[in-house]
Structures are given as structure tokens and as C-alpha cells.
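Let me begin by presenting the structure, written as C-alpha cells, before commenting on it.
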Amino acid sequence: MLLNTAREIRWYLTAGLETRSGPGGLLSRALATHGEDALLSLLRPGAERIEVEDGDLSLTLTPGAAGVAVVARYPEGGEVSSFLPFPPAEPVKDLAEALHTPELALSESGGVWHAGEVAGASRRVPALPPESLGSAALRARLGLRLACVAGAMAGGVASVELVEAMGRGGLLGFYGAGGLDLPAVEAAIVRLKAALPAGNFGCNLLHNPAEPEVEERTVDLFLRHGVRIADASAYMQLTPAVVRWRLSGLREEGGRVIADHVLLAKVSRAEVAEQFLRPAPAKIVQELLDAGKITPQQAALAPRLPMADALTGEADSGGHTDRRPLVALIPLLRRLRDRIALEQPGLPPVFIGAAGGLGDPWSVAAAFQLGADYVMTGS
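For what it's worth, our numbering labels the leading residue of the sequence shown as 3, then goes sequentially.
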């Protein structure tokens, strides 16, 4: 109810910090309309503290067993404390249905299950809203509300309209640039930049071994228009084009390597995944440096950054895959990532996502149970 009213909301969770930004200037009006009880809608599982900032009003919410302690602060220095008790929990009539409602917390007391929190409950099932699934760090890195991505179905099947709708909903969509002529891709990027000025969209970078110049010109297009996020797919070997895009804009701040570009790589084989989990090959980096396509600083920083920020393990699906089962592929990629991290300490961690056959909520839930940091849907 209040998620889109404040300038910023910060959830201090046991799993890390989550933030959300809004237009601001609306919090006081929303509280006057809906009352303080509306603050309960901001609660998240595992939230130790919630801070809400909105110019004319700052709130700190501290959940407890029986309710929420609220401290309101005003610009002129005033401070007001209050306590919001949790509403009485209602007995659950259909436990099976309640268990299939992930946003609902359940408590059992005296052999009776209730919706919500009950003081002294002997058993609890925490709420599991979609916003809590997947990696909080990934959502922060990409500015996502949910760890859900719409994949780049080639030929424009993943259309401008689809990508725009995903971005407006706090999700990430990739435009299906593969197989289209470059003027059409450029027109799509211009439309997406106008519709999503924050740049929360991506484009497909499709490997083209038959016409490598197309791949190079696609990277030129991405760099010219400031495309921030790309989905590399159909790669068997790394190419100078994908390495150039990854390294362009690389810099160092405070001892950390900062990458302007976020690269997700779609893989289904371990030997391809390993190339994206490691830094760019020194031979390709040197060739790009000699050709003047990257700077000496970018070449020097390349060994400190894996090629991809995230790997999407594509299991058997409606597209071109190796027909790997998801339950084998995701653990394999996680183990490979962890082994390389031990071999090359200091590299930033790589997220592992799942794709292929995710056609209903149960299969998506299974992907998250396997340990996927995010899910990617397709056809």
C-alpha cells in the first residue's frame, strides 16, 4: 500500500540490505488517508528494522513479537514514538490453500493454525513474498523488485513492448535483437531509452560465427547508445566483440574494479560457462589494446573481473539447448563457480540463474529451491 509513496525505503534484513525508491512527497498523505496500520504492509520476513525517508517525514519501524515500534521524525526536529500491535490472527479454515499462498504468514497455537503472527505460537510458517525470492544482491545490482528476467527471444519475439512492460514493473527484460538487421535494433534501443530512461532494460548479444562483423557492429551500436545490460547467448568461444563490450568503461574506484556494463551469459555446458566465470583471455585483451579498442587501464583491470556478472543455466526448453535437466545443470554451475572462486580469490562473485521449462509457479519455485539467484523465462 505504501511502497510507492516514499522517496526511499530501506529493509535491514538478516540476509542483507534491500532498498526501494519512489516519487516521494506522498507518505504523509497516504498515512492520513489509510492510517498508521498501513505501515504493517511494509513488513518483510527477516526484517530487523525498516527505515522510510520522504523529505517531510522519516520513520523507523522495529518489528517485535506482538507488534511494531514506530519512531516518526520531522524536519523541524520533533520525534514521536508509537506502537502498532499486530491485528488478531484469524483461524485458518483451509490450511492447504493457506500453505499455497506464499505471502501469508501462519502460526500454530493450541493445535489451531492462524493467519499472521500469534504471540507464544509453537510453530510458524513465515511469509514468503515473491520479493524475497532469489538473490537480494542481484536485485540491488540490477535495481529489480523481483529476481525475474524475461529472456531475449530472437527475431524481436521479445519485443520492445514486452521489455518496456518488464521495466515498468520493476523486472528486467531483454530485447530479442538476435537475427534482426541493425537499423531495427537501433530503433528499438532508441524507443527503450525513451521509455525507460533509467536504463533498466537489456539487449541480446548473439554470437555469430558465420558473420563476426555483425557481432562487432552490434557492440558498436550498444556502445554508441549506452546500452548498460546485455545477454550473451549462443557462444561457444569468447570473441573480441563480447570482450570489448565487457571491458569498455572499466575503471577503479577505492581499490575496487567498477564495470559500466552488466553481462549475463546464457550457457548449458560447463566448458562454455568456465570461460565466462574467468577473466577475459589475455590474448584477446592484448589484441584489443593493440587495436586501440580498449585503454591501457581497462587492459590492466581485466584480470580482476570475471567476464560475466551472471550465468543463466539454460536447461531443456523450447529453444536451442543441450537438453540438460535443470536439477543437474544448476548445481553443476554453482560448484564450478565456487571452484573457480577458490582458484582465483578476489574476483567478484558471479550470480547463477535458471532458465528452461519454467512454465508455471511450481517450476519457478523449484528453480529457486535449487539455489538459483534469479529465473529467466522464454517461450
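Don't be surprised by glycine CBs; every beta carbon is placed ideally from N, CA and C.
- Taken through DSSP and simplified to helix, strand or coil, F224 comes out as helix.
- Non-local C-beta neighbours of G158 in its own chain, meaning closer than 6 angstroms and more than five positions away in sequence, comprise G178, L182, ordered along the chain.
- For A49, the secondary structure class from DSSP, reduced to helix, strand or coil, is strand.
- Bridge pairing for T64: A71 [DSSP].
- Looking from the CA of L313, the closest CA among R125, G79, A267 belongs to A267.
- Contact between A232 and L207 holds: CB atoms are separated by about 5 angstroms, below the 8 angstroms threshold.
- As summarised for the segment 139 to 178, the continuous beta strand (DSSP E) elements at least 3 residues long and confined to that stretch are 150 to 152, 174 to 177, given in chain order.
- Cα atoms of N202 and S111: separation of roughly 45 angstroms, rounded to the nearest angstrom.
- As summarised for the segment 183 to 250, the continuous alpha helix (DSSP H) elements at least 4 residues long and confined to that stretch are 184 to 197, 214 to 227, 242 to 249, given in chain order.
- For P132, the closest alpha carbon among the candidates V366, L372, A356, T297 is that of V366.
- M309 counts as buried, since at least 16 other C-beta atoms from the protein chains shown sit within 10 angstroms of its C-beta.
- The residue among R326, L328, E254 with its C-alpha nearest the C-alpha of P305 is E254.
- In this chain, the alpha helix (DSSP H) harbouring F278 covers 272 to 279.
- Rounded to whole angstroms, the Cβ separation of R336 and G373 is 6 angstroms, and the two are in contact under 8 angstroms.
- Residue environment: W364 is assigned as exposed (fewer than 16 neighbouring CB atoms within 10 Å of its CB, all protein chains considered).
- For K268, no alpha helix (DSSP H) run applies; the uninterrupted beta strand (DSSP E) run containing it begins and ends at 264 to 269, by DSSP.
- Distance between C150 and V72, taken at the CA atoms: about 32 angstroms.
- DSSP places L313 inside the beta strand (DSSP E), whose first and last residues are 312 to 316.
- By the Cβ neighbour-count rule, G169 is buried, with 16 or more other Cβ atoms within 10 Å of its own.
- In this structure, A275 lies away from L328, with their beta-carbon atoms at least 8 angstroms apart.
- The three-state secondary structure of R258, taken from DSSP, is strand.
- Residue state for P351 is assigned as coil, using DSSP reduced to three classes.
- In this structure, L61 lies away from S30, with their beta-carbon atoms at least 8 angstroms apart.
- Per DSSP, the beta bridge partners of S23 are E10.
- Contact annotation: H116 and S109 have beta-carbon atoms nearer than 8 angstroms.
- With respect to the C-alpha of E188, the residue from G361, R226, L249, A139 having the closest C-alpha is R226.
- Ranked by Cα distance from P89, the options L15, G153, L41 are led by L41.
- Here DSSP, grouped into helix, strand and coil, assigns T35 to helix.
- Under the three-state reduction of DSSP output, E105 falls in the coil class, being neither helix nor strand.
- In this model, P333 and S137 are separated by some 16 angstroms (Cα to Cα).
- The Cβ-Cβ distance between D56 and R12 does not fall below 8 angstroms.
- In the structure shown, L86 adopts extended strand secondary structure according to DSSP, grouped into three states.
- A190 places its beta carbon 8 angstroms or farther from that of F176.
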